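Protein sequence lines, in the order shown, are assigned to chains A and B.
Per our numbering, residue 1 is the first one in the first sequence, and the count goes up by one each step.
Per our numbering, residue 1001 is the first one in the second sequence, and the count goes up by one each step.
Below: the structure, in structure tokens.
Protein chains: 2
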Amino acid sequence: MSKSPSNPKGTRDFLPLELSKRNYIINILRKNFKNFGFSEIETPALEKSSTLLGKYGNEGDRLVFKILNSGDKVKKADISSLESGNLNSFVKSISEKGLKYDLTVPLARFVSQHQNEIIFPFKRFQIQNVWRADRPQHGRYQEFTQCDADVIGSNSIIQEIELIKLYDSVFHQLGFTDLVLKINHRGILRELAYHFGAGKSIIEFITALDKIDKIGVDKVLNEIKLIASDFSEKELRNLLSKKEFDLKYLKKIFSKNSDSFLAIDELDQILSYFSTNNLVNEIKFDLTLARGLNYYTGTIIEVSSKTNQRIGSIGGGGRYDDLTSTFNLKNMSGVGISFGLDRIYLLMEESNLFPDYLDKSFEFMVANFGINNLKFIAPYVDEIRNKNREVFVYPDNVKLTKQFSFAHKHNASTVIIFGDNEKKKGIVILKNMQTGDQLKCNINEFVEILINSN
Amino acid sequence: MSKSPSNPKGTRDFLPLELSKRNYIINILRKNFKNFGFSEIETPALEKSSTLLGKYGNEGDRLVFKILNSGDKVKKADISSLESGNLNSFVKSISEKGLKYDLTVPLARFVSQHQNEIIFPFKRFQIQNVWRADRPQHGRYQEFTQCDADVIGSNSIIQEIELIKLYDSVFHQLGFTDLVLKINHRGILRELAYHFGAGKSIIEFITALDKIDKIGVDKVLNEIKLIASDFSEKELRNLLSKKEFDLKYLKKIFSKNSDSFLAIDELDQILSYFSTNNLVNEIKFDLTLARGLNYYTGTIIEVSSKTNQRIGSIGGGGRYDDLTSTFNLKNMSGVGISFGLDRIYLLMEESNLFPDYLDKSFEFMVANFGINNLKFIAPYVDEIRNKNREVFVYPDNVKLTKQFSFAHKHNASTVIIFGDNEKKKGIVILKNMQTGDQLKCNINEFVEILINSN
């Protein structure tokens, strides 16, 4: 036994204050997901290796936490693979399950498995932990919470519009008014690649573009130069640095290709929808938005702060046409968004957006003057709790200063004092922990006074 | 890739209806925990092997899910241990972490690790998943949710009293009024063992007693006979089958020993507290209540239904004096209770205690007559959602019968109809999905009518 026990590196214990702030965010997320007609599901932490592996590339496969087979099953360890350095094969011989790496692959598995129990279009949200065997470092964890909302089985852009409204509604309720929702379309990026003669290297083109915030326009242009056969640096630089963008201009320069025109029309419809139905935060087309993930095929979107750019994007998503086909369910168009809980938390801390009441461990404390006094006012305590208010009953009959100090450390609003003196007089004293003021109340009136003054 | 993807045996996918019922229970638990002054914490799913192993006995160690070390670290596999059949040593060479097996050992680790950040007495609750590599079978899962509330650092029986009230409050709010909270004290069981000459086999004595519901009094007496040197079968049978028990009687027959007298006095104080402050459910002393877990040292408690005994106990807990000492934090008395979520769920299903509204995926649906009509009533939809009510916007402009059928399958209350005709007239039609009635409203009044009639 280690002398100082600790949680594993890359994991976190959440103490009450931090957790109450996280849950404040999660509650607003969950309520909004529901108000927008999303239904919650949960999938297990454990998934079969056959579900997880081969979905995230080699690097992803390496980062999936593998569960050792139980009991005697480890005897089947393939030692020859280990000795010949074929670690994948060795791991496969002693592990059949892993911890889920994201919520997207389990969603695809879930939709395919339960397709006959689901009514499509299926709007689901999921707030659960995922695990990645990344090297632990500041702000990167091996165990963290993902918050996703997706619609499966509808290609209507009403979904994009609803998801954008959902983003705005959540972030507005969290207190954000200075965010920008950048939007783009993979169809436009594909056409852009063709336009510059990089049609055979679309993924590389998008990957290069995706780095623009990190490495800047010049380096991105250098990378694209290497894969583009019909490359005009001036034209692309011009396009990428344009601030106020006119989608009609793209129609002029793009070849008359139905895929790219559809993409432009979809974006146009979405943006014009919000030109009359204003959002609290800003939405704008951004040709440089690329999003790293391979599976996006249509609209892509990303949210970040205009004033605090250091933290990066706090949400992102997009449309994908082929997610469930790896699980043998074809033709299911999906679109989804994700909320970056840890980054939202950081941004809220830095912007001072958490309400003060989250600092309170509980609202009220009953001072302890012995079990008989507690017994006497117990029905009143029940009444306060039945009104959904928090009461901590101090367990020990110790000096009042010690009890006050405890209440103070917990940021309690009021201490309820009912000693022998008060009992004789049929009164209760309410001590306001902010001002120190003590208010004498008739015992039959104190609950109402307490509730109404807090 | 398997043709039909599936979740691993022993794990569960939760579809929306089942999850909303589970969350209904969890929300009532969480609200009550908070109202009783408990603070929520979370610990990671991953714990170091040194934290987990050696705490649950050999069988428990076997059932802890082990995580395979990542990447090249598996090269350190100790093949000679594997070949010599020393599986524990082999496993140790390739695994340093496991999945948490319960919430109790992680709590002890947490309290010891964070003792300087915690204010004692520390009232914490925790609602998180745990994992056990048990053979999957009906009603037994490898991944399940535990719901625990504990107080660390106070030996006042006010805690027991508060926990009993907490049980009663939660179960009452869930709709239960026919439960019995059985209470006993390990001090009494220890003295009972001494009384019958089994003082050297206290664990075996308690283990035998614990089986009384499963194997009956006769077989329990047979087992005790083997370990008790001063055994009167008639006397023990009498004690175990007494219905209405008088604690004073135990004082008479027990030797004048401070440990057992303290135990009797504690139980007496708790029971007499509730003789005037009535619970909704029943509390009673039960000499046959033993509780399996080794770490209990004081009061023990268990909750079950009086009318539906097949499901067994739906909650249990007790006092332990030594939980954190394995993590080098001494003299921390603790007392806690646990809620059996899966069994509570089953019992609520069988007793029909879930409210009907949980069947609704969402309350209201906006029928789709094209993007322009949706755009027009969007501000009204925002208004409904801002009042915290659920609205699903149907994504496609398809036949109305298909849209109604979708709303019907989701148990929506009302469909909001705003087609071109309605737009011209400045009205909205509200279709009640239960009665089929259609109500025409002025567009500026429909939100209020909708909200007030549902």
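Just so you know, even glycine gets a beta-carbon here, dropped at the ideal spot from N, CA and C.
Here the structure is a predicted model, which means the values were calculated and not measured.
Below the 8 Å Cβ cutoff, chain A contributes no neighbours of residue 1339/B, its closest Cβ being approximately 17 Å away. About 6 Å separates the beta carbon of residue 1348/B from that of residue 1174/B, a gap short enough to meet the 8 Å contact definition. At the C-beta level, residue 369/A and residue 390/A stay beyond 7 Å of one another. Proximity to residue 410/A across 80/A, 16/A, 350/A peaks at 16/A, based on C-alpha coordinates.
Annotated as distal: residue 37/A and residue 165/A, with beta-carbon spacing of 7 Å or more. Taking every protein chain shown into account, the CB of residue 357/A has fewer than 16 other CB atoms within 10 angstroms, so this residue is exposed. In this structure, DSSP gives residue 1101/B a state outside helix and strand, which the three-state scheme calls coil.
Runs of the beta strand (DSSP E) lying entirely within the region 1093-1166 of chain B, each at least 3 residues long, are 1097-1099, 1122-1131, 1143-1152 in chain order. Contiguous alpha helix (DSSP H) elements confined to the region 232-293 of chain A occur at 233-241, 247-253, 258-276, taking only those with 4 or more residues. Note on residue 1385/B: 16 or more other CB atoms within 10 angstroms of its CB, so buried under the neighbour-count rule. The three-state reading of DSSP puts residue 1324/B in helix, counting H, G and I together. Using a 10 angstroms sphere on the CB of residue 249/A, the tally of other CB atoms stays under 16, which defines it as exposed. Taking 8 Å as the Cβ-Cβ cut-off, the region 128-149 of chain A approaches chain B at 129, 131, 133, 142, 143, given in chain order. Straight-line spacing of the CA atoms in residue 90/A and residue 77/A works out to 7 Å. DSSP places residue 411/A outside both helix and strand once states are collapsed to three, so it counts as coil. Note that the C-beta distance between residue 1066/B and residue 68/A is below 7 Å.
In chain order, 1014, 1016, 1019, 1020, 1023 make up the part of chain B whose C-beta sits under 9 Å from the C-beta of residue 40/A. With contacts defined as CB atoms closer than 7 Å, residue 1148/B and residue 1336/B qualify as a contacting pair.
Of the candidates 1188/B, 1047/B, 1141/B, 1401/B, the residue whose Cα lies closest to the Cα of residue 1259/B is 1188/B.
Proximity to residue 60/A across 135/A, 428/A, 400/A peaks at 135/A, based on C-alpha coordinates. Looking at the DSSP output, residue 212/A bridges to nothing. 1307/B is the residue among 1354/B, 1204/B, 1307/B, 1293/B whose C-alpha sits nearest the C-alpha of residue 1282/B.
A distance below 8 Å between beta-carbons, with the five flanking residues on each side excluded, links residue 1007/B to the following residues of its chain, in chain order: 1013. Around the beta-carbon of residue 51/A, 16 or more other beta-carbon atoms lie within 10 Å, marking it buried. Here residue 1416/B is buried. Its C-beta has 16 or more other C-beta atoms within 10 Å. What residue 1396/B touches in chain A, judged by beta-carbon distance under 7 Å, is 154, 156, going in chain order. Using a CB distance cut-off of 7 Å, residue 295/A does not count as an interface residue toward chain B.
For residue 1081/B, the enclosing alpha helix (DSSP H) has its first and last residue at 1079-1083. Residue 138/A is not a Cβ neighbour of residue 299/A, given a cutoff of 7 Å. The C-beta of residue 403/A has 16 or more other C-beta atoms within 10 Å across all chains shown, which makes the residue buried.
Secondary structure of residue 1182/B (DSSP, three-state): strand. Annotation for residue 312/A: no beta strand (DSSP E) segment contains it, and DSSP assigns it neither H nor E. Contact between residue 339/A and residue 1005/B does not hold, since their C-beta atoms are separated by about 26 Å, which reaches or exceeds 8 Å.
DSSP places residue 1196/B in no beta strand (DSSP E); its state is neither H nor E. Counting other Cβ atoms within 10 Å of its Cβ, residue 153/A reaches 16 or more and is therefore classed as buried. Within chain A, no residue has its beta carbon less than 9 Å from that of residue 1195/B; the closest one is some 29 Å off.
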